[in-house]
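So the sequence lines, in the order shown, correspond to chains A and B. So the mapping is simple: the numbering used here equals the position in the first sequence, first residue as 1, plus 71. So the mapping is simple: the numbering used here equals the position in the second sequence, first residue as 1, plus 4. Just so you know, even glycine gets a beta-carbon here, dropped at the ideal spot from N, CA and C. Owing to the predicted nature of the structure, the values given are computational and were not obtained by experimental measurement. First the structure, in the form of structure tokens, and then the observations on it.
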Amino acid sequence: MSEEPVLPRAVSVFISFVALLRANGFAVAPEQTMAFLAAIELLGPRSLEHIRKAGLATLAPPPERRATYDRLFDLHFRGSEAIERADGEDEEIVRLQEEGRGEDEPPLADEANESGLAAARAEALVERRFAQETASDALRRLSREAPARLPRRRGHRRRRARRGPFADPRRTLRESVRNDGEVLRLGRLRRRTRPRKILLLIDVSGSMKARTEENMKLAHALSQAAGNVEIFTFGTRLTRVTRALVGPDPRAALERAADEVLDWDGGTRIGDSLKALLDGHGHVVRGAVVVLCSDGLEVGDPELLAAQMERLGLLAHRVVWLNPLKESPAYEPLARGMRAALPHVDRFESGHDLESVAAALWR
Amino acid sequence: MPVRSNIVGIDSPEALEKALRAAYYLADDAIATASYLALALGKPLLLEGAPGVGKTEAAKAIAAVLGRKLIRLQCYEGIDASAALYEWNYPRQMLAIRQAGEESIDIYGEAFLIERPMLAALRAPDSTVLLIDEIDRADQEFEAFLLEFLSDFQISIPERGTLRASEHPVVVLTSNRTRDLHEALRRRCVYHWIDYPTEEREARIVMMRASSVAERTARAVVAAVGKLRREPLSKAPGIAEAVDWAEAATLLHKGGARWPDAFKRSIGVALKDEEDLHYISPRLDALIAEAAA
């Protein structure tokens with residue numbers, strides 16, 4: 072790979088840093104590790120910052136996990152020094168330090184690798200956990216049916232068709248060659264259809280506590296079944312968990328999501344959360360099937376909620392509201408928030424079983 | 005992996021930063037490092053960031069530094085091979101068949117091939133920089149196709165065979181991050197997340213880009229733009245908007261308007277969304293006064 076072979080011992084520090092990143096859920100491919108090593112060599116490296124930057128450029132940590140990357144970097148390459156410096160600034164680092172005190176000795180720079188891995192494991196134990204359970208049969212049935220039944224939109228690409236609104240010059244030419252350049256029949260094209268985006272907004276506030284896990288599992292099953300599902304959670308703040316829910320194992324996916332969401336079981340500010348969504352991520356709403364899983368018990372301003380629901384309705388293809396309270400036949404949407412939102416909702420279902428989810432989602 | 009530590013006399017991130025500055029692009033440390041690594045490692049450079057932080061400008065500046073022609077491929081939903089790679093000139097082929105009559109004719113010759121950006125870059129890898137702009141707008145099939153292109157740098161045209169680049173072309177990809185790119189694509193590239201520049205650096209960019217803006221104006225505009233970016237706006241002003249605002253305010257000021265007033269009246273070039281303007285208007289005076297101080 073290079074003219075000057077690097078000492079294996081020197082290299083092992085970098086390899087173990089990559090291992091530490093992987094242990095913390097960063098996807099790093101072997102070719103990236105190679106690029107990382109080549110980059111370090113190219114840059115000198117004359118300082119620790121060179122190594123940090125080489126890692127940033129070649130190992131490509133996602134921007135939203137940049138802080139975690141930096142923390143792991145400091146932990147690995149600066150060891151205990153970094154932990155002391157960060158004391159009081161960062162909650163999780165402090166927690167790591169406390170974990171470290173229980174051990175025989177504080178982590179030294181030389182043993183940064185082991186201490187890093189241990190710390191990573193310890194860190195994975197905090198935050199809330201989801202109960203261990205695999206997807207139920209109903210969810211499995213839902214994901215099996217989903218690709219064929221979810222709404223589709225008209226695509227930009229065209230496919231061959233017997234009849235269609237567009238001419239197909241390529242095929243026409245090819246066939247005409249067979250007839251000495253005489254065009255006998257004009258090939259036709261029509262537009263392909265593509266699955267619509269699906270945007271799930273899951274209420275994780277206290278009043279929805281009993282349903283949150285089910286909803287997260289539904290989100291995971293849908294994102295596995297369809298390619299273009301975006302998932303956000305909201306309570307007092309909006310959190311994007313699409314990335315966390317990637318991967319076939321629902322238990323691991325839900326655990327990753329549990330680490331990222333910080334407003335479990337708090338209040339509900341639907342209006343503010345929708346505003347944050349529409350301001351910051353308006354593009355994911357456009358043309359999408361938007362599914363809100365919430366009981367509509369808004370603590371914020373109902374007028375703000377109504378205004379944001381209107382914006383949502385104008386951008387989205389369809390707005391679906393899954394409200395578990397609707398399961399009871401006696402339920403009437405009397406809560407101020409729910410009443411404000413309903414005029415902008417296309418389908419209003421309970422979402423407590425497969426049939427009602429299907430009624431809300433399918434074409 | 006063909007590593008070249010010296011590209012047209014540039015042998016370190018610092019040297020590249022200097023060269024970029026000569027090409028009117030003020031790069032910070034991190035982006036100069038990432039760009040240098042991409043060039044040296046022969047890998048594509050993937051730049052992600054909010055709209056208006058200068059991703060496309062960076063690609064232009066890199067092309068200028070290398071003295072190469074920039075070929076730009078703007079992505080959009082539904083972009084396909086005929087827009088990105090090549091297309092046959094069907095009417096011309098059809099005419100040629102007619103004209104040839106009894107003679108045999110090769111309708112897949114050079115004359116019938118319409119070159120698109122990716123093929124053009126592949127054919128002249130030593131004199132072009134390929135910019136694949138806003139890759140997040142293209143659909144996932146195109147991304148997969150791009151991945152294949154970026155790993156082998158070869159294109160196969162069924163009628164003519166496989167074309168391979170004689171060396172790795174310089175490729176810059178940009179994304180506004182409206183969706184996640186495929187992990188494999190990120191892996192193949194050298195990655196950099198461009199943030200808004202620091203106030204200090206943005207003021208220098210404004211002065212360099214704008215024709216005749218006083219330093220005081222530049223600083224005030226940059227401070228105001230920085231405050232606006234922290235507001236929950238649907239379209240936050242980018243660097244280009246900051247430059248425009250500084251220019252517009254200077255123009256009004258020269259035309260006789262008083263200073264804070266000229267600054268305020270020209271906000272339309274920085275905030276281009278009616279709702280955003282409406283949202284900010286009650287606090288605009290305070291915000292401008294604070295920034296101008």
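| task | Give me the Cα-Cα distance between A:D208 and A:N286, rounded to the nearest whole angstrom. | result | 15 angstroms
| field | Supposed contact pair B:C193 and B:L50 - C-beta distance, whole angstroms, cut 8 angstroms | value | 4 angstroms
| task | May I ask you to list the residues that DSSP assigns as paired with A:P266? | result | A:R223
| query | Touching or not, the segment 257-275 of chain A and the segment 236-245 of chain A, by the rule of three or more beta carbon pairs under 8 angstroms? | reply | yes
| field | Rounded separation between B:D277 and A:G338 - CA only | value | 31 angstroms
| field | Per-residue burial, B:N311 [other beta carbons within 10 Å of its own, 16 or more giving buried] | value | For chain B, the structure presents residues 5 to 297; residue 311 of chain B sits outside this window and is missing.
| From A:K288 to A:P321, what does the alpha carbon distance come to, in whole angstroms? | 7 angstroms
| message | Is it buried or exposed, B:I271, if we count other Cβ atoms within 10 angstroms and call 16 or more buried? | response | buried
| field | 8 angstroms Cβ shell around B:R96 - same chain, five flanking residues per side excluded | value | A115 and F116
| task | Starting from B:T202, trace the beta strand (DSSP E) both ways and give me its first and last residue. | result | Neither: B:T202 is in no beta strand (DSSP E) and is coded neither H nor E.
| said: Run through chain B and tell me which residues come within less than 7 angstroms of A:P240, C-beta to C-beta. | reply: Y94
| task | Along the alpha helix (DSSP H) that carries A:G408, what are the first and last residues, could you check? | result | R407 to A412
| said: Between B:E114 and chain A, is any beta-carbon pair separated by less than 7 angstroms? | reply: no
| query | Can you tell me whether DSSP reads B:T178 as helix, strand or coil? | reply | strand
| query | In or out: B:T282 buried (at least 16 other Cβ within 10 Å) or exposed? | reply | Per the sequence shown, residue 282 of chain B should be read as His rather than Thr. It counts as exposed.
| C-beta contact flag for B:R233 and B:A244 at 7 angstroms | no
| request: Rounded to whole angstroms, what's the CA-CA distance from B:V174 to B:G46? Just pull it up for me. | output: 7 angstroms
| task | Ignore the nearest five residues each way along the sequence and tell me which others in A:R220's own chain have a CB closer than 8 angstroms to its CB. | result | A429, L432, W433 and R434
| Secondary structure of A:D417, DSSP reduced to three states | coil
| query | At a cut of 8 angstroms, does the segment 144-156 of chain B reach the segment 27-43 of chain B through at least three beta carbon pairs? | reply | no
| said: On the DSSP letters alone, give me the boundaries of the alpha helix (DSSP H) that B:K73 sits inside. | reply: Unbroken run through B:K73 is the beta strand (DSSP E), K73 to Q78; no alpha helix (DSSP H).
| field | Three-state secondary structure assigned by DSSP to B:A62 | value | helix
| field | Exposure of A:A281, with buried meaning 16 or more beta-carbon neighbours within 10 Å | value | exposed
| request: Using 10 angstroms around the beta-carbon of B:D280, count the other beta-carbons present and answer buried if the total reaches 16, otherwise exposed. | output: buried
| With a Cβ-Cβ cutoff of 7 angstroms, do B:R191 and A:Q103 count as a contact? | yes
| field | Same chain, Cβ closer than 8 angstroms to A:D424, five either side skipped, listed in chain order | value | A209
| request: Leaving aside the five residues before and after A:A411 along the sequence, list all residues of the same chain whose C-beta is less than 6 angstroms from its C-beta, in chain order. | output: P373, L376 and A377
| query | Could you give the C-beta distance for B:S155 and A:G353, rounded to a whole number, given that I count them as a contact under 8 angstroms? | reply | Wrong, their Cβ atoms sit about 34 angstroms apart, outside the cutoff.
| request: List the residues of chain B that A:P134 touches, going by C-beta distances under 8 angstroms, in chain order. | output: E52, R181 and W197
| query | At a CB-CB cut-off below 7 angstroms, which residues of chain B make contact with A:H354? | reply | T182
| Within chain A, partners of B:T202 - CB distance below 7 angstroms | What B:T202 touches in chain A: nothing, since even the nearest Cβ is about 17 angstroms away.
| said: Along the chain, where does the alpha helix (DSSP H) containing B:I243 start, and where does it finish? | reply: I243 to K258
| message | I want to see whether chain A comes within less than 7 angstroms of B:R287, judged by CB atoms only; does it? | response | no
| task | Please report how far the alpha carbon of B:E119 lies from the alpha carbon of A:P240, in whole angstroms. | result | 18 angstroms
| query | Would the segment 316-335 of chain A and the segment 355-366 of chain A be scored as touching if the rule is three or more Cβ pairs under 8 angstroms? | reply | no
| message | Suppose the cutoff is 7 angstroms on Cβ atoms and the five residues either side in sequence are ignored; what does the same chain contact list for B:R164 look like? | response | Y112
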